[in-house]
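Here is the structure we will look at, set down as structure tokens.
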Amino acid sequence: MNEHVARWQGGFDDLLAACHEAGGASAAIVRRLPPRPHDDHVLKPKRSGFLATPLPILLDKLGVRRRVLTGVSADSCVLATAQDANMREFALCVPQDAVAAISPARRRTALALLAQTLGASVRSVRALEGVFPGA
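For the record, in the sequence shown the residue sitting at position 27 is 27 according to the working numbering, with numbers rising by one throughout.
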């Protein structure tokens with residue numbers, strides 16, 4: 001999922017190029033986790049990955065019932081997507097070491113909300129194998 005707010009031209013490749021050009025964390029993520037040719041992708045125009053996107057249809061077609069959410073806005077986009085996923089009765093995991101926020105305090109608050117309110121597992125990435133085999 002990639003936020004594509006207010007950009008109505010271009011596609012996923014343009015977003016990857018912008019991440020490379022920006023440098024820093026976004027370029028590092030794209031280098032370490034490059035999309036594979038068979039990976040599905042969804043551009044999102046709003047904070048939640050479910051709002052105004054084909055994601056619900058895609059997940060239904062794939063038979064997905066569990067979601068692992070990561071991102072740079074734990075207290076915004078990740079939280080909004082997690083709330084929408086929870087309402088659709090998906091099992092949730094938000095690896096605590098795979099999300100960020102504008103401050104450590106906001107990250108901690110978001111992780112607490114995700115765990116306490118939405119029942120998300122907020123273990124580390126290394127613990128994913130135990131929660132979601134094959135993740």
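Where a beta carbon is used, it is the ideal one built from N, C-alpha and C, also for glycine. Given the structure is predicted, the values throughout are model-derived calculations rather than measurements.
Express the C-alpha separation of residue j and residue i in angstroms, rounding to a whole number.
i     : j      : result
Phe12 : Ala27  : 14 Å
Ala52 : Leu43  : 10 Å
Leu16 : Gly10  : 11 Å
Glu21 : Ile29  : 12 Å
His41 : Thr109 : 28 Å
Ala18 : Leu118 : 33 Å
Lys61 : Pro54  : 11 Å
Leu59 : Val99  : 22 Å
Specify the secondary structure class of residue i as computed by DSSP and reduced to three states.
i      : result
Gly26  : A quick correction: the sequence has Ser, not Gly, at residue 26. Correct three-state label for Ser26: helix.
Leu43  : strand
Leu33  : coil
Ala91  : strand
Ser73  : coil
Arg66  : strand
Leu118 : helix
How close, in whole Å, do the beta carbons of residue i and residue j come, if the pair is a contact with beta carbons under 8 Å?
i      : j      : result
Val122 : Val94  : 5 Å
Leu111 : Ala85  : With 8 Å as the limit, Leu111 and Ala85 do not qualify as a contact, their Cβ atoms being about 16 Å apart.
Ser124 : Asp97  : 5 Å
Ala80  : Arg106 : Not quite, the Cβ-Cβ distance comes to about 14 Å (not below 8 Å), so this is no contact.
Take residue i as the anchor and find which of the options has the nearest alpha-carbon.
i      : options                         : result
Thr70  : Leu58, Leu33 and Glu21          : Leu33
Ala190 : Gln9, Arg88, Arg126 and Ala82   : For residue 190 there is no data in the structure shown, the boundaries of the chain being 1 and 135.
Ala101 : Ala25, Met87 and His41          : Ala25
Leu92  : Arg107, Val68, Ala105 and Asp75 : Val68
Val64  : Phe90, Ser48 and Ala80          : Phe90
Val72  : Leu58, Arg126 and Pro104        : Pro104
Arg31  : Pro37, Gly23 and His38          : Gly23
I'd like the list of long-range same chain contacts for residue i, defined as Cβ closer than 7 Å, with 5 residues on each side in sequence excluded.
i      : result
Ala115 : Val122
Keeping to the same chain, check which residues put their C-beta closer than 6 Å to that of residue i; ignore five residues upstream and five downstream.
i     : result
Met87 : none
Verify the CB distance criterion: does residue i have a CB-CB separation below 8 Å to chain B?
i     : result
Ala91 : Protein chain content of the structure displayed is limited to a single chain, and chain B is not contained in it.
Once the 5 residues before and after residue i are set aside, which same chain residues still bring their CB inside 8 Å of it?
i     : result
Phe50 : Pro56, Thr81, Asp84, Ala85 and Arg88
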